[in-house]
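**Q** What follows is a single structure, and I will ask about it in a moment.
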Amino acid sequence: MDGARVIAFLYARVSTGEQDTGMQLRELLEYAQRRSWQTEVFTDSISGAKDRRPGLDQMMALVRKRKCDIVLVYRFDRFARSTRQLVNALAEFDVLGVQFVSLHEAIDTTSPAGRMVFHIFAAVAEFERELIRERVRSGVAHARSQGKRLGRPRVDADREKIASWRASGASLRTIARKLGISHASVVRALKPAVMVPPETPVTKSSESDTLKTTGFPQKTDPLGAGSE
Numbered sequence: 105m106d107g108a109r110v111i112a113f114l115y116a117r118v119s120t121g122e123q124d125t126g127m128q129l130r131e132l133l134e135y136a137q138r139r140s141w142q143t144e145v146f147t148d149s150i151s152g153a154k155d156r157r158p159g160l161d162q163m164m165a166l167v168r169k170r171k172c173d174i175v176l177v178y179r180f181d182r183f184a185r186s187t188r189q190l191v192n193a194l195a196e197f198d199v200l201g202v203q204f205v206s207l208h209e210a211i212d213t214t215s216p217a218g219r220m221v222f223h224i225f226a227a228v229a230e231f232e233r234e235l236i237r238e239r240v241r242s243g244v245a246h247a248r249s250q251g252k253r254l255g256r257p258r259v260d261a262d263r264e265k266i267a268s269w270r271a272s273g274a275s276l277r278t279i280a281r282k283l284g285i286s287h288a289s290v291v292r293a294l295k296p297a298v299m300v301p302p303e304t305p306v307t308k309s310s311e312s313d314t315l316k317t318t319g320f321p322q323k324t325d326p327l328g329a330g331s332e
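Residue numbers (our numbering): 105 to 332.
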C-alpha cells in the first residue's frame, strides 16, 4: 500500500476551541510521510458526543466517493464517539475498499494481520444488528399479546363533508389536502359501510305466512334437533 499514489485522509479532533490539533497532526503527518502517502487533513474542534462534526462529515462524504485509499486517525476516541459508530464506520470502510489506521492503537488494515480487524468488527456489527432485530420482534410480539394495535392510528374522517366535496367534483388528492389526511383515508371514507342484516327467527306466524303465500308448509331440516 505504500507509494506516491496512495492518498490518505488524516483526521484529528480536540474537544474545545482552546485546545490545538497540532500535536495530533504532527504525529499523523510524520507517519504518513514515512510511508510516502499523499495526505489531506480534516479537523474538528468539537465534543465527540456531538452527532454532527463538520470536518468528519466532510471527510466521510469524500470517503464514500472513494476519494482516498486510507483513513488515518490519532486514536479511536478522536474518530468515533461510540463503539457502535466505530464498528459501523469500519464495516463501511471494508465495503468501500478503504483501509484504516489508528496510530496509537497500532491498528493497520493495510497489513495482513490488520485485515483481521475488519472481519472482527464486521462480525460484531452483524451480531449487534441481529440483537436489535430480535429485540424489535420480541417487542412487537409482546405488544400484540397485550392486544395493542401497532402502526399509525386510523384517522376519523368527516364522511359527509368528503362525500359532498366528491359530489361537487373535487379530486381525492384535493380533498385529502384540504382535510390534512392521507389519500387512503379519503378512499376509506367514501366506501359504503357494509351492514349485515340480523337473522330473523322462525316463528309460528312466519310459518303460517309461508303457507298462505305458497300453499306449502315451510320445509324443516330432517337432521334437526328433533331427529334421532
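Glycine is no exception: its CB is placed at the ideal position from the N, C-alpha and C atoms.
In this text, all values refer to a predicted model and were calculated from it rather than measured experimentally.
Which residue wins for smallest C-alpha separation from Arg182, given the options Arg157, Cys172, Ala165, Trp141?
**A** Translated into the one-based positions of the sequence shown, residue 182 becomes position 78. Closest by alpha carbon: Arg157.
**Q** Terminal residues of the continuous alpha helix (DSSP H) containing Arg368?
**A** The question about residue 368 has no answer here: the residues shown for the chain are numbered 105 through 332.
**Q** Which residue comes first and which comes last in the beta strand (DSSP E) that contains Asp148?
**A** Against the sequence shown, residue 148 aligns to sequence position 44. That run of the beta strand (DSSP E) goes 142-149.
**Q** Are the region 245-254 and the region 265-274 touching, with three or more C-beta to C-beta distances below 8 Å?
**A** No: the two stretches stay apart, fewer than three of their Cβ pairs being nearer than 8 Å.
**Q** Alpha carbon to alpha carbon, how far is Asp148 from Ser242?
**A** For the purposes of this step, residue 148 is taken as the residue at position 44 of the sequence shown. For the purposes of this step, residue 242 is taken as the residue at position 138 of the sequence shown. Whole-angstrom Cα-Cα distance: 40 Å.
**Q** Any idea what DSSP makes of Leu207, helix, strand or coil?
**A** Residue mapping note: residue 207 aligns to position 103 of the sequence shown, counting from 1. Leu207: coil per DSSP, three-state reduction.
**Q** Using the three-state DSSP reduction, which class does Arg233 fall into: helix, strand or coil?
**A** The count along the sequence shown starts at 1 and reaches residue 233 at position 129. In this structure, Arg233 counts as helix in the three-state DSSP scheme.
**Q** With H, G and I counted as helix, E and B as strand and the rest as coil, what does DSSP make of Ala116?
**A** The residue you call residue 116 lines up with position 12 of the sequence shown. Of the three classes helix, strand and coil, the one that applies to Ala116 here is strand, per DSSP.
**Q** Could you tell me whether the Cβ atoms of Cys172 and Ala112 are closer together than 8 Å?
**A** Numbered from its first residue, the sequence shown carries residue 172 at position 68. Numbered from its first residue, the sequence shown carries residue 112 at position 8. Cβ distance < 8 Å, so Cys172 and Ala112 count as in contact.
**Q** Following the continuous alpha helix (DSSP H) through Val167, name the residue where it begins and the one where it ends.
**A** The count along the sequence shown starts at 1 and reaches residue 167 at position 63. From DSSP, the alpha helix (DSSP H) with Val167 extends over 158-168.
**Q** Please state if the CB of Ile211 and the CB of Val202 are separated by a distance shorter than 8 Å.
**A** To locate residue 202, count along the sequence shown from 1; it is residue 98. To locate residue 211, count along the sequence shown from 1; it is residue 107. In this structure, Ile211 does not lie closer than 8 Å to Val202 by Cβ.
**Q** Considering only the beta carbon of each residue, do Ser151 and Ser119 sit closer than 8 Å?
**A** Position 47 of the sequence shown, counting from 1, holds the residue named residue 151. Position 15 of the sequence shown, counting from 1, holds the residue named residue 119. For Ser151 and Ser119, yes; Cβs fall inside 8 Å.
**Q** Look up Asp124 in the DSSP assignment and say whether it is helix, strand or coil.
**A** Here residue 124 is taken as the residue at index 20 of the sequence shown, counted from 1. Correct three-state label for Asp124: coil.
**Q** Give the DSSP-derived three-state secondary structure of Asp212 in the structure shown.
**A** Residue mapping note: residue 212 aligns to position 108 of the sequence shown, counting from 1. In the structure shown, Asp212 sits in a strand (DSSP, three-state: E or B).
**Q** Where Leu276 and Leu283 are concerned, what is the direct C-alpha to C-alpha distance, given to the nearest angstrom?
**A** Residue 276 sits at position 172 when you count from the first residue of the sequence shown. Residue 283 sits at position 179 when you count from the first residue of the sequence shown. Whole-angstrom Cα-Cα distance: 11 Å.
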